[in-house]
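Comments concern the structure below.
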Amino acid sequence: MQSNSESKFIHLRCHSEYSITDGIVRLGDYVSLAKELELESLAISDLSNVFAAVKFFKLATSNGIKPIIGADVYIQNEDNRDQSSRLLLICQNKQGYLNLSKLLSRAYTENQYRDRPEIKLEWLFSDLNHGLICLSGFNFGAIGQSLLSQKKEKAIHIAKQLKEAFDDRFYFEVQRYEVAKKVEEQENLVLAIAQLGYDLDIPLVATQPIQFIKKEDFQAHEAKTCIAEGYVLGDQRRPKNFTAEQYFKTPEEMVALFDDIPSAISNTLEISKRCNFEFDLGNVFLPDFPIPEGLTINEYLEKTAIDGLEKKLKNLYPEEENFKTQEKKYLDRLHFEINVINQMGYAGYFLIVADFINWAKENNVPVGPGRGSGAGSVVAFALGITDLDPLSYNLLFERFLNPERVSMPDFDIDFCQEGRDRVIEYVKERYGYDAVSQIVTFGTMAARAVIRDVGRVLDLPFPFVDGIAKLIPMELGITLKDAIEKEEQIQQRIKNEEEVKELFDLALKLEGLVRNVGMHAGGVLIAPGKISDYSPLYCQEGGEGMVSQFDKDDVESIGLIKFDFLGLRTLTILSMALNNANKMRTTEGKSPIQLDDIPLDDEETFEWLSNANTTAVFQLESRGMKDMLKQAKPDCFEDIIALVALYRPGPMDLIPDFCKRKHGQQLVSYPHPSTEGILKETYGIAVYQEQVMQIAQTVAGYTLGGADLLRRAMGKKKVEEMDAQREVFIHGATQNGLEKQQASNLFDLLEKFAGYGFNKSHAAAYAKIAYQTAYLKRHYTSSFIAASMSADMNNTDNIALLFDDCVLNKIKLLPPSINYSVFRFQPLNDKEILYGLGAIKGTGLAAIEVILEDRNSNGPYQSLFEFCVRLDLRKVNRKVIESLIRAGAFDELEKNRASLLASINQAISLAEQSKSHMGQDSLFGEEANKEVTNYVATDEWDSKRQIYEEKVALGFYYSGHPFSHYKEMVRAMYPQSLRDARPSNNNQWLSGVVMAVRNRMTQRGKIAIVTLDDGEGRLDMIVGSKLLSTVYPLIKEDQLLIVEGKVSPDEFTGGNRVSAVNIFDLLTVQSRKTKQIKINVGENLNPEQLKLLLKPYSNGAYPQEIGRCPVVIEYQNQEGSAEIKLGDNWAVAPHENLIFDLKKSFQDENVKIIYN
């Protein structure tokens, strides 16, 4: 090992995993090996980015290694853009970093070509090269490429340009990493560059293009490049740009490799000494907020907050006496908060957030009442950032901004999804487009995904790889190592199958590596100047998806402020529901309502909540939450806050006690008398983190800031910190009259509370949205359900769920209408909703807009033919028309949907003829043309066919339920409905149609969770792996199943479920249970017709295991009656289609099935 003073070589090149398309170097491994080798400095130089720069900087410095930041950049080829070259740019100092940031940003935003961000050479011949060291790029650089192409003069010209631009900061780069046939070519290039360096007095520097840490990682690296570029490893024609020699070589290896050019080695040390750039971490750079002249930003915050609070208090306490009584309490809290905010230097932050939130409100973009601990601030309430009064609900400012622990405040703001981008656009206009961007995220190779990726590049069959991927348990954050340990089947296959072993060996090396670049869901940066002065920008070709190159943690490390602009679908629903309701109120002569007008003590709303009529109600719609609502029967807003906080893993165990105490069925007790005032609202149970803080304040004399530190310490469970806090707590509590043991016991109890306690500020804010949705559902039911459907038009499962909710709430969902429906669902009155055309599968916004625009301009449609003639059939194509017909949208023009579908060809042909004769006599204005607009004659669909066609178009059964077709037959054998199924130790017989199937891999193998529905109830059925293997063909959507199984409570959903013991289709059960089929006929019997009906189901038409039953004819005429049993050759399999056909031919009442 060498000591730092004996450093022989410094690595200046490395493509880490953040180079995305190549490089599998993990930063931790990279720095650890450098530390082990006692390197004094180390560089990172990812391809066209500095994604990892801050992470690398922090990691290297914390390990005593000087970090060197650079980037391997593309240079545009002016002669041929398909043949770009590369240079390595390394930051000497802050000026160099700023210039590198500007160059990368400009390449991404102005000069991408085939997804390559290219720097123009002329940009480097300016001040933008200051502070940068430039390495020539060896064989990937323009100089190396020219020498390889025998274009020495061109190489000399480019070298002179770069030397003139960078002066003594330009180096010729030499490398030796090639193998086999390419070694000679590489060596010739090294010699040519060395000679040119001598001729032009340009120094040489040796680099090792590191792509992976160890030599044996080469195959894994090749796999990653294939994943990125879409190749398979075995493809002999794929690009092979890397060799097994591109690993992290030791300084000794590098010195030996270049023992003939010692200056190339020593120049790495020289470059290292010249590089002294450091990120300025720990500072905060707030954008400048414009304030009136004569005021400081702190004074302006105080003035604005006091003015805002006065308006809020006048609304809260309209009576002057109440206003004066309350004002002092609010002002005291406000001044306390203002002092803390100003001392910490965050006045600008509050003003910026308030500015864009209030702009949103003024411009009809719905904003949430608050989210997270920010709802505990009176200043935020006064400025309009939050809409929840913190004092009314005992919300604590210190939970948000602690004067005893300096941290950045963080408001998470919910906007309506449709308006969020408008607010971001406003922020860009206000602070400058170059000062605002969103934030990068990095997608990584998770366990299942990496198995699928590696399986593809190994060219393994998809079903084979898919089967292995599904063996990995569905657990959040599970690793391949965990999966191998947990799943015995994986262990066995790795042991016994060479292909599986190779798959896992490669996947384990790639798991967790960065795979792609994305955009943070809500984070927006606002900088005091250009974003590129802090972080380079990244975007897709064309400027789409502009983000910082540093992720959310790194932008905060370098001092930029992240503002969270989150899209909440519920706010979109609330906005649409209010618009729907106010349209109807206007027609009734009533004034419009606003969300702020909604009272928080509406008895009818609490009645619906207590009855769990909460489908589509924010936070309260799950089965488990509905069950909790029935138990708790909330009757005040505080109950909703508590239930939102309790319904999570851990505190859920407290729900029964909470409910019993609320209803007087259990004694309310308190840990200590002094806690009664704090825990009274939650019946003696600590539900909120704020309650832990208040108890520490009241019992042990903590400040609320100190109590927040205690809460955090309890959450982290660090022994030394907890011991110190215990001592402080016990000392304070004994000072307030508690015994030492009593104080210690209370500390233990608080520690338990802190482990599951929820942020009350967040719970209260979300409880308000929950209550508002519940109120609108109760008082404007059709408006609310129509809005909920419109917000979820692409999710047919949710539309089906809301359709059921319409039935429950006596709302009629009318079928789509080509002449009256609009894109969204539309409430017509309190009891009717018109189906939205946009929710019909296979249509799409563009096609519907064309239809609506034409209908608004030219009036309603008279026929399918006219519809086709009037519209552009390139936009409203055959698929769209078919979907509209299946959904029933043309029923008002022609009820026979089968005929409409059969007439599409004719309608399209007429439309094409009409357009080709444009300007001649109208096709529809002449009597002579009427005969060509007749629909094709065909039988109408029966009800069974109709509902299946509706399901194709709508995603669910609209005008009926498939079980109804079998109900009479099934109930004659097994009368119990799914709705009436109750838990029992005995097996029960149930029946229903399969609505959904979810497959799961468990330790016992593959199971299926099957949702059954019989039109009266719904039940999930668990099918174990052994049974599943025998009945798998039956487990599919729309299949009728007869099930023998055990019904038990479902703890997850709060309902019941059935564990299947046996599963049959209807024919199997019918064949076993049917004794005979009786047909009552008269004199007009047609024997040939009967033969045609029976023959397909007799004489070996079905397997032997399907039993047959005799057919008995009851013949009647004027002279008498007789019963004739047909011969054995006419015994039939009692298939449902046969039963339906017989009933259709001989009338329902004349066909009877006699069961055993």
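In the numbering used here, the protein residues as written are 26 to 1181.
Here a beta-carbon is modelled for each residue, glycine too, at the ideal position from N, C-alpha and C.
Practice item. For Gln1101, collect the residues of the same chain with a Cβ closer than 6 Å to its Cβ; drop the 5 residues on either side in sequence, then sort them by chain order. Key: Counting from one through the sequence shown, the residue named residue 1101 turns up at place 1076. Closer than 6 Å at Cβ, skipping near neighbours: Cys1134, Pro1135, Val1137 and Ile1179.
**Study point:** Alpha carbon of Gly373 to alpha carbon of Gly393, nearest angstrom
**Key:** For the purposes of this step, residue 373 is taken as residue 348 along the sequence shown, with counting starting at 1. For the purposes of this step, residue 393 is taken as residue 368 along the sequence shown, with counting starting at 1. Going from the Cα of Gly373 to the Cα of Gly393 covers about 22 Å.
Point to revise | Integer-rounded CB distance, given that Ser560 should sit under 8 Å from Val580 | key: In the sequence shown, counting from the first residue as 1, residue 580 sits at position 555. In the sequence shown, counting from the first residue as 1, residue 560 sits at position 535. Right, the Cβ-Cβ distance comes to about 6 Å (below 8 Å), so this counts as a contact.
Practice item. May I have a chain-ordered list of the alpha helix (DSSP H) segments no shorter than 4 residues that lie completely inside the segment 182 to 235? Key: 207 to 225
**Study point:** Distance between Leu129 and Cys277 (C-alpha atoms, nearest Å)
**Key:** Walking along the sequence shown from the start, residue 277 turns up at place 252. Walking along the sequence shown from the start, residue 129 turns up at place 104. Note that residue 277 is Glu in the sequence shown here, rather than Cys. If I take the Cα positions, the gap works out to 34 Å.
Exercise for review: Look up Asp1005 in the DSSP assignment and say whether it is helix, strand or coil.
Suggested key: Numbered from 1 along the sequence shown, position 980 holds the residue referred to as residue 1005. The answer is coil: DSSP assigns Asp1005 none of H, G, I, E or B.
Review point. Hey, how far is the Cα of Leu1003 from the Cα of Gly480?
Key: Position 978 of the sequence shown, counted from the first residue, corresponds to residue 1003. Position 455 of the sequence shown, counted from the first residue, corresponds to residue 480. Distance between the alpha carbons of Leu1003 and Gly480: 43 Å.
Exercise for review: Assign Arg1023 to buried or exposed, taking buried as 16 or more other Cβ atoms, counted over all protein chains shown, within 10 Å of its Cβ.
Suggested key: For the purposes of this step, residue 1023 is identified with residue 998 of the sequence shown, where counting begins at 1. Exposed, because fewer than 16 other Cβ atoms sit within 10 Å of the Cβ of Arg1023.
**Study point:** Gly567, buried or exposed, once every other Cβ within 10 Å from all chains shown has been counted against 16
**Key:** Along the sequence shown, one-based indexing puts residue 567 at 542. Exposed is the call here.
Practice item. For Asn521, name the three-state secondary structure that DSSP assigns. Key: Numbered from 1 along the sequence shown, position 496 holds the residue referred to as residue 521. Of the three classes helix, strand and coil, the one that applies to Asn521 here is helix, per DSSP.
Review point. Cα-Cα, which of Asp621, Val1068 and Gly121 is closest to Phe302?
Key: Stepping through the sequence shown from its first residue, residue 302 is reached at position 277. Comparing Cα positions, the closest option is Gly121.
Review point. For Cys441, which beta-bridge partners are listed by DSSP?
Key: Translated into the one-based positions of the sequence shown, residue 441 becomes position 416. Its beta-bridge partners are Leu593.
Check your understanding: In its own chain, which residues sit with a C-beta less than 6 Å from the C-beta of Ala299, not counting the 5 before and 5 after it?
Key -> For the purposes of this step, residue 299 is identified with residue 274 of the sequence shown, where counting begins at 1. Per the sequence shown, residue 299 should be read as Arg rather than Ala. So the list reads Gln117, once near-sequence residues are dropped.
Review point. Does the Cβ-Cβ distance between Glu429 and Gly731 come in under 7 Å?
Key: Counting from 1 along the sequence shown, the entry for residue 429 is found at position 404. Counting from 1 along the sequence shown, the entry for residue 731 is found at position 706. Cβ distance < 7 Å, so Glu429 and Gly731 count as in contact.
Review point. When the distance is taken between beta carbons, is Arg540 closer than 7 Å to Thr469?
Key: On the sequence shown, residue 469 is found 444 positions in, with the first residue counted as 1. On the sequence shown, residue 540 is found 515 positions in, with the first residue counted as 1. Yes, Cβ-Cβ distance for Thr469 and Arg540 is below 7 Å.
Check your understanding: How is Cys661 classed by DSSP in three states: helix, strand or coil?
Key -> The residue labelled residue 661 in the question sits at position 636 within the sequence shown. It is coil, neither helix nor strand.
Check your understanding: beta strand (DSSP E) containing Ala546: first to last residue?
Key -> Within the sequence shown, the letter at position 521 stands for residue 546. Val539 to Ile551 is the span of the beta strand (DSSP E), which, as asked, contains Ala546.
Review point. What is the rounded straight-line gap between the Cα of Asn959 and the Cα of Val475?
Key: Sequence index remark: in the sequence shown, residue 959 carries index 934 (1-based). Sequence index remark: in the sequence shown, residue 475 carries index 450 (1-based). So the two alpha carbons sit approximately 58 Å from each other.
Review point. Can Phe425 and Gly399 be called in contact, C-beta distance under 7 Å?
Key: Numbered from its first residue, the sequence shown carries residue 425 at position 400. Numbered from its first residue, the sequence shown carries residue 399 at position 374. Going by C-beta atoms, Phe425 is nearer than 7 Å to Gly399.
Review point. Taking the DSSP output, what are the residues bridged to Ala1085?
Key: Here residue 1085 refers to the residue found at position 1060 of the sequence shown. In DSSP, Ala1085 forms a bridge with Gly1070.
Review point. In whole angstroms, what is the alpha-carbon distance linking Ser924 and Asp829?
Key: Within the sequence shown, numbered from 1, the residue matching residue 924 stands at position 899. Within the sequence shown, numbered from 1, the residue matching residue 829 stands at position 804. Taking the straight line from one Cα to the other gives about 30 Å.
Check your understanding: When DSSP labels each residue in this structure, what does Trp1014 get in the three-state scheme?
Key -> Within the sequence shown, the letter at position 989 stands for residue 1014. Reduced to three states, the DSSP call for Trp1014 is strand.
Point to revise | Any chain C beta carbon closer than 7 Å to Met571 | key: Looking for chain C here will not work: only one protein chain is present.
Check your understanding: How long is the line joining the alpha carbons of Pro142 and Ala132, rounded to whole angstroms?
Key -> As a first step, residue 142 must be located in the sequence shown, where it is residue number 117. As a first step, residue 132 must be located in the sequence shown, where it is residue number 107. Near 5 Å, if we compare the C-alpha coordinates of Ala132 and Pro142.
Check your understanding: When the Cα of Gly861 is compared with those of Asp897, Lys920, Leu898 and Ser813, which residue comes out closest?
Key -> Taking the sequence shown and counting its residues from 1, the one referred to as residue 861 is at position 836. Out of Asp897, Lys920, Leu898 and Ser813, Ser813 has the C-alpha closest to the C-alpha of Gly861.
**Study point:** According to DSSP, residues forming a beta bridge with Val1157
**Key:** Stepping through the sequence shown from its first residue, residue 1157 is reached at position 1132. Its beta-bridge partners are Ser1123 and Cys1134.
Practice item. Put Phe302 into one of helix, strand or coil per three-state DSSP. Key: Position 277 of the sequence shown, counting from 1, holds the residue named residue 302. Of the three classes helix, strand and coil, the one that applies to Phe302 here is coil, per DSSP.
Exercise for review: Along the beta strand (DSSP E) that carries Ser87, what are the first and last residues, could you check?
Suggested key: Translated into positions along the sequence shown, residue 87 becomes position 62. Unbroken run through Ser87 is the alpha helix (DSSP H), Ala78 to Ser87; no beta strand (DSSP E).
Check your understanding: Going straight from the alpha carbon of Phe809 to that of Phe590, what length do you get?
Key -> Numbered from 1 along the sequence shown, position 784 holds the residue referred to as residue 809. Numbered from 1 along the sequence shown, position 565 holds the residue referred to as residue 590. Taking the straight line from one Cα to the other gives about 25 Å.
Review point. On the three-state DSSP scale, how would you describe Val693?
Key: Working through the sequence shown from its first residue, we reach residue 693 at position 668. Three-state result, Val693: coil.
Check your understanding: So what does Met1046 bridge to, in DSSP terms?
Key -> Counted from its first residue, the sequence shown places residue 1046 at position 1021. Paired residue(s): Val1035 and Val1083.
Check your understanding: What is the rounded straight-line gap between the Cα of Lys651 and the Cα of Ala637?
Key -> Mapped onto the sequence shown, residue 651 falls at position 626. Mapped onto the sequence shown, residue 637 falls at position 612. Looking at the two C-alpha atoms, the distance is approximately 5 Å.
**Study point:** Proximity of Asp71 and His36 at Cβ, strictly below 7 Å
**Key:** As a first step, residue 71 is located in the sequence shown; it is residue number 46 there, counting from the start. As a first step, residue 36 is located in the sequence shown; it is residue number 11 there, counting from the start. Taking 7 Å as the Cβ cut-off, Asp71 and His36 do not qualify as a contacting pair.
**Study point:** Length of the line joining the Cα atoms of Glu135 and Lys145
**Key:** Along the sequence shown, read from residue 1 onward, the residue named residue 135 stands at position 110. Along the sequence shown, read from residue 1 onward, the residue named residue 145 stands at position 120. Rounded to the nearest angstrom, the two C-alpha atoms are 10 Å apart.
Check your understanding: Taking the alpha carbon of Ala494 as the point to measure from, which residue in Leu704, Gln1129, Val525 and Pro659 has its own alpha carbon closest?
Key -> Residue numbering aside, residue 494 sits at position 469 when the sequence shown is read from its first letter. Answer by Cα proximity: Val525.
**Study point:** Buried or exposed by the 16-neighbour rule on C-beta atoms within 10 Å, applied to Phe487
**Key:** As a position in the sequence shown, residue 487 is number 462, starting the count at 1. Its Cβ having fewer than 16 others within 10 Å, Phe487 is exposed.
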